[in-house]
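Residue numbers (my numbering): 653 to 722. We put the CB at the ideal spot given by N, CA and C, even for glycine. What follows is one structure encoded as structure tokens, with my remarks underneath.
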Amino acid sequence: MPVSYDKLWKLLIDKKMNRTDLKEAAGISFNVLAKMGKSEFISMESLYKVCTVLECDISDIMEFNHGDNS
653 MPVSYDKLWK
663 LLIDKKMNRT
673 DLKEAAGISF
683 NVLAKMGKSE
693 FISMESLYKV
703 CTVLECDISD
713 IMEFNHGDNS
């Protein structure tokens, strides 16, 4: 996949949060969370909500895999 949310999952561990905690705190849907789990694209609005809750920048939760065009 061209996008990776591995940084997000590591950040959640550091903050002692699980995915359900993030979903509820950020007000994102289960479908958005599922897409992130599959390394699929999500809306900028959802990314903004996650960053706001975690008090971080977008580069702290995701990155593009430039060599992978799957």
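Per DSSP, Lys-659 is one residue of the alpha helix (DSSP H) stretching across 658–666. Remark: C-beta atoms of Asp-712 and Leu-663 approach each other more closely than 9 Å. For Gly-689, the enclosing alpha helix (DSSP H) has its first and last residue at 682–689. In terms of Cβ geometry, Val-705 and Ala-677 form a close pair [threshold 9 Å]. DSSP lists Phe-716 as the bridge partner or partners of Val-655.
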